[in-house]
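Enquirer: Structure in structure tokens, see below.
Chains as they are written, first to last, in my numbering: chain C, 11 to 313; chain B, 521 to 854.
This is the structure in structure tokens:
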């Protein structure tokens, strides 16, 4: 049983070589969020970010144990990166945090996932309620192609049956948060499928944010995108950390280094279930990790 | 390869400095490809030839009837072949055909769509396989059996429903009946039986398109806190819309041509009526089946057959156009 050290770190600001570039890009674009509170949602999640933690979380597909005994704390308002080679269970872990795992018919799990101290798998709590509080952005951009940009942003309200009196305000707020507002403000009625890949992914982020979740899960959100779009998304993540806890799976070490406050390194030895080798503040994980395998991985020597 | 390319470009630059011209690229197919290409082309053409021959046959055999009846063939309701010249018209048959098919499609589309949704999005894997097979099996039941079942069993069961409808909704013209009406042998019963026969095709086409709904979009809807129904309404149904419409048109095509069951269930006396609950009604195919033994009637029946042929052909072609143009139906053969 391991517990993460919950001390808040300023590691991100100190070591990121891209910090200036990114800030510059945002300033030029003028897409900076207003910093205003979002329009109120009726029936939506409680405001602010939430701490999500797992205790002894295991996952199976059929009889095969794919992930074993994961104990992690992802503190409120921080960005946690999950890193590790393919097939080590990162995405499976991520999908257990908002109950998407159980959509696979053969999937099962044990252990607990606590969202602000409450087990999301306890009896009497619906998967939908959990998913409203814990949003998700997928690897492949998946806007609803037949819907307009506006409808895409609002689709979560309809699906989750939330009400908002200031829909236009919510659209602008979510799109600004996703750094997409300036690019699409004049064509909100065009189909979401007509945007570029990077814009589509930011639209998906805006769509997820419009529900105002407490936690945002991102499953390799930039793997299908070019470097410029990737940087835009990273900017977005950096801006989001104040109001939502971000958990991001990434194969890109520089990205993990740039965006995250904390890191967890997953590894699966051959024919063994995946597990967490090491976790901690990002700076420590990248500079002097305890486990030599972590150092090898973050320096690109295996994986 | 690299060298050759450069030389070509160089020569082109020398001879025609200003305008590059596209090269003619040809490829010599191998013997086996030539033979196989010939065979497949032949098989494909056979379909067109057969279709053309059937149309031509109907056209030639029905000329006599068109010569006698002229344009009145399309406007006359009655069919009297004992008069001289015979007074025959297809209008009564045509309306009966369309009404029965419409009832069948109106009933079968929601039923088939929901069956397909149950199979793709609700049923557990253990139920899914057998149920899919069972629905397809519905299509394998000979239509004669549907007819017998409809005549001896189902028809009588529907009569109370027909009475209920006419008592409470009789102010709607299609549900109106005469006093003392007979409720068996109605277009309503025939339509319901035919709906069971077209259900499999509608369910199969819808199931196919629903199952191709991109997983990413379905997961996106669920991850936003959607219910399963919300996900179906916002993702699966919009995606499968083309498939549902196309499948319905295919079903309509089948319903228009359905013969034996309708032959048994309807009195097959041409009549211009929209009252679906009371005894009466005739369809082109059922009427042809009933009268085909009579030699003098053949030209007239051929003419009616030609009308049906063109109607189903148009319906099916429209269906395949709709399916192939929709986002979901691109991969479906219809």
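Backbone N, C-alpha and C define an ideal beta-carbon position, used for all residues, glycine too.
Would you give the residue range spanned by the alpha helix (DSSP H) that residue 237 of chain C belongs to?
Expert: For the purposes of this step, residue 237 of chain C is taken as the residue at position 227 of the first chain. Unbroken alpha helix (DSSP H) run through residue 237 of chain C: 237-250.
Enquirer: CA-CA distance, residue 50 of chain C and residue 180 of chain C?
Expert: Numbered from its first residue, the first chain carries residue 50 of chain C at position 40. Numbered from its first residue, the first chain carries residue 180 of chain C at position 170. Distance between residue 50 of chain C and residue 180 of chain C, taken at the CA atoms: about 8 Å.
Enquirer: Rank B:714, B:635 and B:695 by C-alpha distance to the C-alpha of residue 675 of chain B and give the top, closest one.
Expert: Your numbering for residue 675 of chain B matches position 155 in the second chain. Taking only the C-alpha atoms, the option nearest residue 675 of chain B is B:714.
Enquirer: Measuring CB to CB, does residue 168 of chain C end up less than 8 Å from residue 732 of chain B?
Expert: Within the first chain, the letter at position 158 stands for residue 168 of chain C. Within the second chain, the letter at position 212 stands for residue 732 of chain B. Result no, Cβ atoms of residue 168 of chain C and residue 732 of chain B do not sit closer than 8 Å.
Enquirer: Quick check on this structure: which residue in C:144, C:133, C:138 and C:124 has the alpha carbon closest to the alpha carbon of residue 57 of chain C?
Expert: One-based indexing of the first chain puts residue 57 of chain C at position 47. Here the closest residue by C-alpha is C:144.
Enquirer: Answer with yes or no whether the minimum CB distance from residue 150 of chain C to chain B is below 8 Å.
Expert: For the purposes of this step, residue 150 of chain C is taken as residue 140 along the first chain, with counting starting at 1. It does: the Cβ of residue 150 of chain C has a partner Cβ on chain B nearer than 8 Å.
Enquirer: Quick one: which residues of the segment 739-754 of chain B get their C-beta closer than 8 Å to a C-beta of chain C? List them in chain order.
Expert: With the criterion set as a beta carbon lying under 8 Å from some beta carbon of chain C, the members of the segment 739-754 of chain B are 739, 740, 741, 742, 743, 744, 745, 746, 747, 750, 751 and 754, in sequence order.
Enquirer: Pull up the distance between the alpha-carbon of residue 680 of chain B and that of residue 686 of chain B, whole angstroms please.
Expert: Against the second chain, residue 680 of chain B aligns to sequence position 160. Against the second chain, residue 686 of chain B aligns to sequence position 166. Approximately 10 Å, taken between the alpha carbons.
Enquirer: So for residue 288 of chain C, helix, strand or coil by DSSP?
Expert: Translated into positions along the first chain, residue 288 of chain C becomes position 278. Of the three classes helix, strand and coil, the one that applies to residue 288 of chain C here is strand, per DSSP.
Enquirer: Within the present structure, is the beta-carbon of residue 791 of chain B separated from the nearest heavy atom of the ligand NAP by less than 7 Å?
Expert: Absence of the ligand NAP from the depicted structure is noted, as is the absence of any ligand whatsoever, leaving it without description.
Enquirer: How many Å lie between residue 654 of chain B and residue 693 of chain B at the Cα?
Expert: Along the second chain, read from residue 1 onward, the residue named residue 654 of chain B stands at position 134. Along the second chain, read from residue 1 onward, the residue named residue 693 of chain B stands at position 173. For residue 654 of chain B and residue 693 of chain B, the distance between alpha carbons rounds to 37 Å.
Enquirer: Please tell me whether residue 221 of chain C has its Cβ less than 8 Å away from any Cβ of chain B.
Expert: On the first chain, position 211 is the one that residue 221 of chain C refers to. Chain B, which has a Cβ nearer than 8 Å to the Cβ of residue 221 of chain C, makes this yes.
Enquirer: Under the three-state reduction of DSSP, which class applies to residue 30 of chain C: helix, strand or coil?
Expert: Here the question's residue 30 of chain C lines up with position 20 in the first chain. Because residue 30 of chain C carries a pLDDT of 39, less than 50, the predicted location of this residue cannot be relied on, and the following value inherits that uncertainty. It is helical.
Enquirer: Would you identify the three-state DSSP class for residue 547 of chain B, choosing helix, strand or coil?
Expert: The count along the second chain starts at 1 and reaches residue 547 of chain B at position 27. For residue 547 of chain B, the three-state secondary structure derived from DSSP is coil.
Enquirer: If I follow the unbroken beta strand (DSSP E) through residue 121 of chain C, where does it start and stop?
Expert: On the first chain, residue 121 of chain C is found 111 positions in, with the first residue counted as 1. Residues 117-125.
Enquirer: Label residue 183 of chain C either buried or exposed according to how many other C-beta atoms from any shown protein chain fall within 10 Å of its C-beta, with 16 as the threshold for buried.
Expert: Position 173 of the first chain, counting from 1, holds the residue named residue 183 of chain C. It counts as buried.
Enquirer: Please confirm if residue 736 of chain B has its CB atom under 8 Å from at least one CB of chain C.
Expert: As a working mapping, residue 736 of chain B is identified with position 216 in the second chain. At least one chain C Cβ lies under 8 Å of residue 736 of chain B.
Enquirer: Which residues does DSSP pair with residue 71 of chain C in a beta bridge?
Expert: Working through the first chain from its first residue, we reach residue 71 of chain C at position 61. Paired residues: C:74 and C:117.
Enquirer: In angstroms, rounded to a whole number, what distance separates the CA positions of residue 147 of chain C and residue 258 of chain C?
Expert: Translated into the one-based positions of the first chain, residue 147 of chain C becomes position 137. Translated into the one-based positions of the first chain, residue 258 of chain C becomes position 248. C-alpha separation (whole angstroms): 9 Å.
Enquirer: Would you say residue 748 of chain B and residue 656 of chain B are within 8 Å of each other, going by their C-beta atoms?
Expert: The sequence position of residue 748 of chain B within the second chain is 228, counting from 1. The sequence position of residue 656 of chain B within the second chain is 136, counting from 1. The answer is no: Cβ separation not under 8 Å.
Enquirer: Of all the residues that make up the segment 641-654 of chain B, which are near chain C by a beta-carbon distance shorter than 8 Å?
Expert: For the segment 641-654 of chain B, the residues whose beta carbon sits under 8 Å from a beta carbon of chain C are, in order, 644 and 645.
Enquirer: Residues of chain B with CB under 9 Å from residue 217 of chain C, in chain order?
Expert: What you label residue 217 of chain C is simply residue 207 of the first chain in a count that begins at 1. Within chain B, the residues near residue 217 of chain C are 740 and 744.
Enquirer: Pull out every residue of the segment 242-262 of chain C whose Cβ sits closer than 9 Å to any Cβ of chain B, in chain order.
Expert: none
Enquirer: Between the alpha carbons of residue 286 of chain C and residue 178 of chain C, how many angstroms are there, rounded?
Expert: The count along the first chain starts at 1 and reaches residue 286 of chain C at position 276. The count along the first chain starts at 1 and reaches residue 178 of chain C at position 168. Going from the Cα of residue 286 of chain C to the Cα of residue 178 of chain C covers about 43 Å.
Enquirer: Excluding the 5 residues preceding and the 5 following residue 752 of chain B in the sequence, name in chain order all residues of the same chain whose CB lies nearer than 8 Å to its CB.
Expert: On the second chain, residue 752 of chain B is found 232 positions in, with the first residue counted as 1. 637 and 641, listed in sequence order.
Enquirer: Chain B partners of residue 146 of chain C, CB-CB under 7 Å?
Expert: The residue labelled residue 146 of chain C in the question sits at position 136 within the first chain. Chain B residues near residue 146 of chain C: 743.
Enquirer: Mind the definition here: the segment 234-243 of chain C touches the segment 759-769 of chain B only if three or more C-beta pairs lie below 8 Å; say whether that holds.
Expert: no
Enquirer: Does the pairing of the segment 776-783 of chain B with the segment 809-820 of chain B give three or more beta-carbon distances under 8 Å?
Expert: yes
Enquirer: Would you kindly work out how many angstroms separate the C-alpha atoms of residue 688 of chain B and residue 224 of chain C, rounded to a whole number?
Expert: Within the second chain, numbered from 1, the residue matching residue 688 of chain B stands at position 168. Within the first chain, numbered from 1, the residue matching residue 224 of chain C stands at position 214. Computed Cα separation, rounded: 54 Å.
Enquirer: Please classify residue 307 of chain C: does DSSP put it in a helix, a strand, or coil?
Expert: The sequence position of residue 307 of chain C within the first chain is 297, counting from 1. The answer is helix: DSSP assigns residue 307 of chain C an H, G or I state.
Enquirer: Determine the contact status of residue 706 of chain B and residue 616 of chain B, defining contact as a CB-CB distance below 8 Å.
Expert: Residue numbering aside, residue 706 of chain B sits at position 186 when the second chain is read from its first letter. Residue numbering aside, residue 616 of chain B sits at position 96 when the second chain is read from its first letter. No.
Enquirer: Who pairs with residue 229 of chain C in a beta bridge, going by DSSP?
Expert: As a working note, residue 229 of chain C is residue 219 in the first chain. Residue 229 of chain C is bridged to C:259.
Enquirer: Within 8 Å of any Cβ in chain B, is that where the Cβ of residue 115 of chain C sits?
Expert: Position 105 of the first chain, counted from the first residue, corresponds to residue 115 of chain C. Yes, contact with chain B.
Enquirer: Given that a residue counts as buried once 16 or more other Cβ atoms are within 10 Å of its Cβ, and exposed if not, what is residue 186 of chain C?
Expert: Residue numbering aside, residue 186 of chain C sits at position 176 when the first chain is read from its first letter. Result: buried.
Enquirer: In angstroms with no decimal places, state the Cα-to-Cα distance between residue 645 of chain B and residue 106 of chain C.
Expert: Your numbering for residue 645 of chain B matches position 125 in the second chain. Your numbering for residue 106 of chain C matches position 96 in the first chain. Whole-angstrom Cα-Cα distance: 22 Å.
Enquirer: Going by the DSSP bridge assignment, what does residue 584 of chain B pair with across the sheet?
Expert: If you number the second chain from 1, residue 584 of chain B lands on position 64. Answer by DSSP bridge pairing: none, since residue 584 of chain B is not bridged.
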